[in-house]
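> Numbering (this note's numbering), first residue to last: 354 to 673.
Submitted below is the structure of interest, expressed as C-alpha coordinates.
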Amino acid sequence: MVALNMEDCLKKVDELNSQELAKCSYSELSMVKVFVYGLIKGIREFKTLHDHVAQKPEVQSWLGWSKVPHRTTLSRRFKMLPEQFCTLITELYHKFVTSKQIQEEVMSVDSSLMQARGNVWHKKDRDAGVLPTCGNIDTEAHWGMNGCGEWTFGYRVHCLVNADADLALPKDVAVYAANIKDGTVFTDTLAASLGSDRNVVLADGSYDEQPCYDLCDSKHISLIAPLEVKPNTPPERIERAALVNDPEIRQVFALRKVSVEPFQGHLKTLFDLEHLPVKGLKNVPSLVTLASFVYNFLAWLNLLLKRPILHLRQTLLALR
(Lines of atoms letter the chains of each structure in order from A; the text may use other names.)
(Lines give C-alpha, C1' and ligand atoms only; values in the text may rest on other atoms or scores of the structure.)
Protein backbone atom coordinates (compact mmCIF):
# COMPACT_ATOMS: atom_id res chain seq x y z
CA MET A 354 0.00 0.00 0.00
CA VAL A 355 1.67 3.17 -1.19
CA ALA A 356 -1.18 5.63 -0.59
CA LEU A 357 -3.54 6.08 2.30
CA ASN A 358 -7.17 5.63 1.23
CA MET A 359 -10.23 3.88 2.57
CA GLU A 360 -10.38 1.18 -0.10
CA ASP A 361 -6.85 -0.02 0.63
CA CYS A 362 -7.52 0.33 4.33
CA LEU A 363 -10.46 -2.09 4.14
CA LYS A 364 -8.44 -4.47 1.96
CA LYS A 365 -5.94 -4.66 4.81
CA VAL A 366 -8.73 -5.92 7.07
CA ASP A 367 -9.15 -8.80 4.59
CA GLU A 368 -5.57 -9.87 5.32
CA LEU A 369 -6.32 -10.52 8.98
CA ASN A 370 -7.03 -14.11 9.96
CA SER A 371 -10.53 -13.44 11.25
CA GLN A 372 -12.72 -16.50 11.63
CA GLU A 373 -16.44 -16.62 11.03
CA LEU A 374 -18.31 -16.91 14.32
CA ALA A 375 -21.67 -17.71 12.70
CA LYS A 376 -23.15 -18.43 9.29
CA CYS A 377 -25.15 -15.34 8.31
CA SER A 378 -26.37 -13.65 5.16
CA TYR A 379 -23.68 -11.01 5.57
CA SER A 380 -20.25 -12.39 6.44
CA GLU A 381 -18.59 -11.65 9.77
CA LEU A 382 -15.67 -10.06 7.93
CA SER A 383 -17.90 -7.71 5.95
CA MET A 384 -19.58 -6.63 9.19
CA VAL A 385 -16.22 -5.98 10.81
CA LYS A 386 -15.26 -3.89 7.79
CA VAL A 387 -18.43 -1.80 7.75
CA PHE A 388 -18.08 -0.98 11.44
CA VAL A 389 -14.39 -0.13 10.98
CA TYR A 390 -15.48 2.13 8.12
CA GLY A 391 -18.18 3.74 10.24
CA LEU A 392 -15.88 4.38 13.20
CA ILE A 393 -13.16 5.91 11.03
CA LYS A 394 -15.74 8.12 9.30
CA GLY A 395 -17.17 9.17 12.65
CA ILE A 396 -20.63 7.69 11.95
CA ARG A 397 -22.28 6.89 15.27
CA GLU A 398 -25.85 5.79 14.42
CA PHE A 399 -26.84 2.58 12.63
CA LYS A 400 -29.45 4.35 10.51
CA THR A 401 -26.89 6.97 9.46
CA LEU A 402 -24.40 4.22 8.61
CA HIS A 403 -27.04 2.37 6.57
CA ASP A 404 -28.05 5.49 4.64
CA HIS A 405 -24.43 6.51 4.06
CA VAL A 406 -23.38 3.13 2.64
CA ALA A 407 -26.59 2.86 0.61
CA GLN A 408 -25.63 6.05 -1.21
CA LYS A 409 -22.09 4.89 -1.98
CA PRO A 410 -21.88 1.96 -4.44
CA GLU A 411 -18.08 1.94 -4.18
CA VAL A 412 -18.28 1.23 -0.45
CA GLN A 413 -20.76 -1.59 -1.07
CA SER A 414 -18.27 -3.01 -3.56
CA TRP A 415 -15.45 -2.86 -1.01
CA LEU A 416 -17.68 -4.73 1.44
CA GLY A 417 -18.78 -7.30 -1.14
CA TRP A 418 -22.45 -6.35 -0.73
CA SER A 419 -25.10 -6.30 -3.46
CA LYS A 420 -27.60 -4.96 -0.93
CA VAL A 421 -27.09 -2.93 2.23
CA PRO A 422 -28.47 -4.63 5.36
CA HIS A 423 -31.26 -2.91 7.27
CA ARG A 424 -30.25 -0.73 10.20
CA THR A 425 -31.77 -3.27 12.61
CA THR A 426 -29.54 -5.96 11.09
CA LEU A 427 -26.51 -3.71 11.57
CA SER A 428 -27.54 -3.11 15.17
CA ARG A 429 -28.10 -6.81 15.87
CA ARG A 430 -24.82 -7.92 14.29
CA PHE A 431 -22.86 -5.18 16.04
CA LYS A 432 -23.85 -6.64 19.41
CA MET A 433 -22.42 -10.02 18.37
CA LEU A 434 -18.89 -8.80 17.64
CA PRO A 435 -16.93 -8.05 20.88
CA GLU A 436 -15.24 -11.46 20.85
CA GLN A 437 -14.24 -11.04 17.21
CA PHE A 438 -12.88 -7.56 17.82
CA CYS A 439 -10.84 -8.87 20.79
CA THR A 440 -9.40 -11.61 18.59
CA LEU A 441 -8.36 -9.00 16.03
CA ILE A 442 -6.85 -6.77 18.75
CA THR A 443 -4.62 -9.64 19.86
CA GLU A 444 -3.74 -10.64 16.30
CA LEU A 445 -2.53 -7.15 15.42
CA TYR A 446 -0.71 -6.89 18.74
CA HIS A 447 1.26 -10.02 17.87
CA LYS A 448 2.24 -8.51 14.53
CA PHE A 449 4.08 -5.81 16.47
CA VAL A 450 5.70 -8.44 18.70
CA THR A 451 6.88 -10.63 15.81
CA SER A 452 8.21 -7.58 13.96
CA LYS A 453 10.13 -6.69 17.14
CA GLN A 454 8.47 -3.31 17.46
CA ILE A 455 7.43 -4.12 21.03
CA GLN A 456 8.38 -6.59 23.75
CA GLU A 457 6.19 -8.43 26.25
CA GLU A 458 8.49 -9.01 29.20
CA VAL A 459 6.68 -6.28 31.14
CA MET A 460 2.92 -5.69 30.83
CA SER A 461 0.61 -3.10 32.41
CA VAL A 462 -3.02 -3.52 33.44
CA ASP A 463 -5.52 -0.86 34.43
CA SER A 464 -9.12 0.30 34.01
CA SER A 465 -10.69 3.61 33.08
CA LEU A 466 -14.21 4.97 33.51
CA MET A 467 -16.50 6.08 30.69
CA GLN A 468 -19.71 8.00 31.29
CA ALA A 469 -22.95 6.32 30.21
CA ARG A 470 -25.11 7.83 27.51
CA GLY A 471 -28.13 9.75 28.70
CA ASN A 472 -29.11 10.96 32.13
CA VAL A 473 -27.59 9.91 35.45
CA TRP A 474 -29.37 7.33 37.59
CA HIS A 475 -28.53 8.45 41.11
CA LYS A 476 -27.14 5.69 43.29
CA LYS A 477 -29.87 5.85 45.91
CA ASP A 478 -32.58 5.47 43.25
CA ARG A 479 -30.64 2.80 41.37
CA ASP A 480 -30.13 0.71 44.49
CA ALA A 481 -33.88 1.01 45.17
CA GLY A 482 -34.74 0.19 41.54
CA VAL A 483 -36.59 3.48 41.10
CA LEU A 484 -36.21 4.94 37.61
CA PRO A 485 -36.17 8.76 37.46
CA THR A 486 -38.97 10.48 35.58
CA CYS A 487 -36.49 12.24 33.27
CA GLY A 488 -36.01 8.99 31.32
CA ASN A 489 -33.15 8.31 28.88
CA ILE A 490 -31.30 6.12 31.40
CA ASP A 491 -28.81 3.37 30.58
CA THR A 492 -30.17 0.84 33.05
CA GLU A 493 -27.16 -1.49 32.65
CA ALA A 494 -24.62 1.17 33.63
CA HIS A 495 -23.47 1.52 37.23
CA TRP A 496 -21.55 3.82 39.53
CA GLY A 497 -17.77 3.53 39.85
CA MET A 498 -15.02 5.55 41.49
CA ASN A 499 -11.74 6.54 39.86
CA GLY A 500 -8.35 6.78 41.55
CA CYS A 501 -9.02 10.40 42.50
CA GLY A 502 -12.18 9.50 44.42
CA GLU A 503 -14.53 10.87 41.75
CA TRP A 504 -17.72 8.98 40.91
CA THR A 505 -18.92 8.25 37.37
CA PHE A 506 -22.13 6.58 36.21
CA GLY A 507 -21.16 4.30 33.35
CA TYR A 508 -18.72 1.57 32.41
CA ARG A 509 -15.08 0.60 32.81
CA VAL A 510 -12.73 -0.35 30.04
CA HIS A 511 -10.10 -2.78 31.37
CA CYS A 512 -6.88 -2.92 29.35
CA LEU A 513 -3.78 -5.10 29.19
CA VAL A 514 -0.93 -3.38 27.29
CA ASN A 515 2.81 -3.75 26.88
CA ALA A 516 4.67 -1.46 29.31
CA ASP A 517 6.45 0.63 26.69
CA ALA A 518 6.57 4.39 27.09
CA ASP A 519 7.03 4.93 23.35
CA LEU A 520 4.66 2.34 21.88
CA ALA A 521 2.03 0.96 24.26
CA LEU A 522 -0.60 -1.11 22.44
CA PRO A 523 -3.53 -3.12 23.79
CA LYS A 524 -3.25 -6.89 23.82
CA ASP A 525 -6.63 -7.47 25.42
CA VAL A 526 -9.59 -5.27 26.36
CA ALA A 527 -12.71 -6.00 28.40
CA VAL A 528 -15.70 -3.80 29.24
CA TYR A 529 -17.92 -4.14 32.29
CA ALA A 530 -20.29 -1.98 34.32
CA ALA A 531 -18.35 0.52 36.41
CA ASN A 532 -18.99 -1.26 39.72
CA ILE A 533 -17.19 -4.48 38.75
CA LYS A 534 -13.85 -4.70 40.56
CA ASP A 535 -10.58 -4.54 38.63
CA GLY A 536 -9.25 -7.66 40.33
CA THR A 537 -12.31 -9.67 39.33
CA VAL A 538 -11.97 -8.70 35.66
CA PHE A 539 -8.26 -9.46 35.75
CA THR A 540 -8.67 -12.99 37.12
CA ASP A 541 -11.81 -13.81 35.11
CA THR A 542 -10.86 -12.28 31.75
CA LEU A 543 -7.60 -10.43 31.11
CA ALA A 544 -5.23 -12.90 32.76
CA ALA A 545 -6.15 -15.49 30.13
CA SER A 546 -4.06 -13.41 27.70
CA LEU A 547 -0.97 -13.81 29.84
CA GLY A 548 1.35 -16.72 29.11
CA SER A 549 3.94 -18.05 31.52
CA ASP A 550 6.65 -16.27 29.50
CA ARG A 551 5.53 -12.85 30.79
CA ASN A 552 7.84 -11.93 33.62
CA VAL A 553 6.11 -8.93 35.17
CA VAL A 554 2.63 -7.36 35.28
CA LEU A 555 2.37 -3.80 36.62
CA ALA A 556 -0.86 -2.82 38.35
CA ASP A 557 -2.26 -0.27 40.77
CA GLY A 558 -3.61 -0.97 44.26
CA SER A 559 -6.99 -2.16 42.98
CA TYR A 560 -5.28 -5.40 41.91
CA ASP A 561 -3.79 -5.99 45.36
CA GLU A 562 -5.96 -9.06 45.93
CA GLN A 563 -4.91 -12.58 46.77
CA PRO A 564 -6.71 -14.21 43.79
CA CYS A 565 -4.70 -11.93 41.46
CA TYR A 566 -1.43 -12.92 43.12
CA ASP A 567 -2.36 -16.62 43.16
CA LEU A 568 -3.22 -16.64 39.47
CA CYS A 569 -0.02 -14.84 38.50
CA ASP A 570 2.06 -17.09 40.74
CA SER A 571 0.56 -20.12 38.99
CA LYS A 572 1.80 -18.69 35.69
CA HIS A 573 5.24 -17.81 37.15
CA ILE A 574 4.47 -14.11 36.68
CA SER A 575 5.37 -11.35 39.11
CA LEU A 576 2.37 -9.11 39.81
CA ILE A 577 3.72 -5.78 41.04
CA ALA A 578 1.10 -3.67 42.82
CA PRO A 579 1.38 -1.17 45.70
CA LEU A 580 0.47 -2.70 49.03
CA GLU A 581 0.43 -1.54 52.61
CA VAL A 582 2.34 -3.29 55.41
CA LYS A 583 0.78 -3.29 58.89
CA PRO A 584 1.94 -4.85 62.18
CA ASN A 585 -0.18 -7.97 61.53
CA THR A 586 0.72 -8.30 57.84
CA PRO A 587 1.47 -11.94 56.88
CA PRO A 588 5.09 -12.78 55.94
CA GLU A 589 4.26 -13.40 52.26
CA ARG A 590 2.80 -9.89 51.92
CA ILE A 591 5.85 -8.42 53.64
CA GLU A 592 7.97 -10.16 50.99
CA ARG A 593 5.81 -8.72 48.23
CA ALA A 594 6.06 -5.24 49.77
CA ALA A 595 9.83 -5.55 49.91
CA LEU A 596 9.88 -6.48 46.22
CA VAL A 597 7.68 -3.50 45.29
CA ASN A 598 9.93 -1.13 47.25
CA ASP A 599 13.15 -2.42 45.69
CA PRO A 600 14.72 0.55 43.80
CA GLU A 601 15.09 -1.42 40.56
CA ILE A 602 11.48 -2.63 40.72
CA ARG A 603 10.23 0.89 41.44
CA GLN A 604 12.03 2.06 38.32
CA VAL A 605 10.25 -0.63 36.29
CA PHE A 606 6.94 0.16 38.00
CA ALA A 607 7.18 3.73 36.74
CA LEU A 608 6.51 2.34 33.25
CA ARG A 609 2.86 1.79 34.20
CA LYS A 610 2.12 5.52 34.26
CA VAL A 611 3.70 6.05 30.84
CA SER A 612 2.08 3.06 29.13
CA VAL A 613 -1.42 1.93 30.10
CA GLU A 614 -2.63 5.27 31.47
CA PRO A 615 -1.69 7.28 28.34
CA PHE A 616 -3.15 4.54 26.14
CA GLN A 617 -6.52 4.80 27.87
CA GLY A 618 -6.52 8.56 27.46
CA HIS A 619 -5.53 8.35 23.79
CA LEU A 620 -8.20 5.74 23.06
CA LYS A 621 -11.00 7.81 24.59
CA THR A 622 -9.81 11.04 22.99
CA LEU A 623 -9.24 9.54 19.54
CA PHE A 624 -12.72 8.01 19.33
CA ASP A 625 -14.59 10.37 21.67
CA LEU A 626 -15.40 7.71 24.26
CA GLU A 627 -15.30 9.82 27.42
CA HIS A 628 -19.10 10.13 27.04
CA LEU A 629 -20.42 6.99 25.41
CA PRO A 630 -22.68 7.34 22.32
CA VAL A 631 -24.35 3.93 22.87
CA LYS A 632 -26.13 2.17 25.72
CA GLY A 633 -26.09 -1.26 27.30
CA LEU A 634 -23.82 -4.20 28.03
CA LYS A 635 -24.14 -5.42 24.44
CA ASN A 636 -23.43 -2.19 22.57
CA VAL A 637 -20.78 -0.63 24.83
CA PRO A 638 -18.35 -3.61 24.77
CA SER A 639 -18.75 -3.83 20.99
CA LEU A 640 -17.94 -0.15 20.55
CA VAL A 641 -14.95 -0.08 22.89
CA THR A 642 -13.40 -3.29 21.57
CA LEU A 643 -13.97 -2.01 18.00
CA ALA A 644 -12.22 1.25 18.91
CA SER A 645 -9.32 -0.68 20.48
CA PHE A 646 -9.01 -2.83 17.36
CA VAL A 647 -9.01 0.26 15.11
CA TYR A 648 -6.39 1.81 17.42
CA ASN A 649 -4.06 -1.14 16.72
CA PHE A 650 -5.13 -1.19 13.08
CA LEU A 651 -4.20 2.46 12.51
CA ALA A 652 -0.87 1.83 14.22
CA TRP A 653 -0.31 -1.15 11.89
CA LEU A 654 -1.12 0.97 8.84
CA ASN A 655 1.42 3.54 10.00
CA LEU A 656 4.02 0.81 10.40
CA LEU A 657 3.38 -0.45 6.87
CA LEU A 658 3.53 3.09 5.49
CA LYS A 659 6.69 3.85 7.47
CA ARG A 660 4.99 6.68 9.31
CA PRO A 661 5.37 7.42 13.04
CA ILE A 662 3.40 4.53 14.50
CA LEU A 663 1.42 6.43 17.11
CA HIS A 664 0.50 9.35 14.85
CA LEU A 665 -2.97 7.85 14.85
CA ARG A 666 -5.03 11.02 14.69
CA GLN A 667 -3.22 12.14 11.53
CA THR A 668 -3.93 8.78 9.91
CA LEU A 669 -7.54 8.81 11.08
CA LEU A 670 -8.14 12.27 9.66
CA ALA A 671 -6.43 11.36 6.38
CA LEU A 672 -8.83 8.41 5.97
CA ARG A 673 -11.84 10.39 7.10
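We treat Cβ as the ideally placed atom computed from N, Cα and C, and that holds for glycine.
These numbers were taken from a predicted model, which means no experiment stands behind them.
Going by beta carbon distance, what residues of the same chain come within less than 6 Å of residue 495, once the five residues before and after it are set aside?
530, 531 and 532
> If you check the beta carbons only, do residue 591 and residue 555 fall under 7 Å apart?
no
> Taking the continuous beta strand (DSSP E) assigned at residue 434, which residues delimit it?
That residue, residue 434, is in no beta strand (DSSP E); it is neither H nor E in DSSP.
> Apart from the five residues on each side of it in sequence, which residues of its chain come closer than 8 Å, Cβ to Cβ, to residue 674?
Outside the displayed span of the chain (354 to 673) sits residue 674, for which this structure offers no information.
> Provide the residue span of the beta strand (DSSP E) that contains residue 586, from first to last.
Run containing residue 586: none; DSSP gives neither H nor E here.
> On the DSSP letters alone, give me the boundaries of the alpha helix (DSSP H) that residue 655 sits inside.
633-657
> List the endpoints of the continuous beta strand (DSSP E) containing residue 512.
It spans 504-515 - the beta strand (DSSP E) in which residue 512 sits, taken as one unbroken run.
> Looking at residue 516: is its Cβ nearer than 7 Å to the Cβ of residue 608?
yes
> May I have the straight-line CA-CA distance separating residue 645 from residue 585, to the nearest angstrom?
Straight-line spacing of the CA atoms in residue 645 and residue 585 works out to 43 Å.
> Exposed or buried, what is residue 362 when buried is set at 16 or more other beta-carbons lying within 10 Å of its beta-carbon?
buried
> Out of curiosity, what's the CA-to-CA distance linking residue 405 and residue 632?
22 Å
> Use the C-beta contact count for residue 562: other C-beta atoms within 10 angstroms, 16 or more gives buried, fewer gives exposed.
buried
> If you check the beta carbons only, do residue 549 and residue 534 fall under 7 Å apart?
no
> Since residue 509 contacts residue 466 with CB under 8 Å, what's their CB separation in whole angstroms?
Their Cβ separation, rounded to whole angstroms, is 6 Å, which keeps residue 509 and residue 466 in contact under 8 Å.
> Between the alpha carbons of residue 553 and residue 575, how many angstroms are there, rounded?
5 Å
> In angstroms, rounded to a whole number, what distance separates the CA positions of residue 391 and residue 594?
Going by the C-alpha atoms only, they are around 47 Å apart.
> Identify whether residue 523 lies in helix, strand or coil by the three-state DSSP scheme.
strand
> Specify, as a first and last residue, the run of the beta strand (DSSP E) that residue 466 falls within.
459-468
> Decide yes or no for the touch test of the segment 610-630 against the segment 460-475: beta carbon pairs closer than 8 Å, at least 3 of them.
They touch, by the three-pair rule.
> Tell me whether residue 492 counts as near the ligand SAH, meaning its Cβ is closer than 6 Å to at least one heavy atom of that ligand.
Looking at this structure, you won't find the ligand SAH or any other ligand, since it has none at all.
> Suppose you measure from the CA of residue 477 to the CA of residue 539; what does that come to, to the nearest Å?
28 Å
> Compute the beta-carbon to beta-carbon distance between residue 527 and residue 542, rounded to the nearest angstrom, for a pair I have assumed lies under 8 Å.
About 5 Å separates the two Cβ atoms, so the contact holds.
> Answer yes or no: do residue 612 and residue 514 have a C-beta to C-beta separation smaller than 7 Å?
yes
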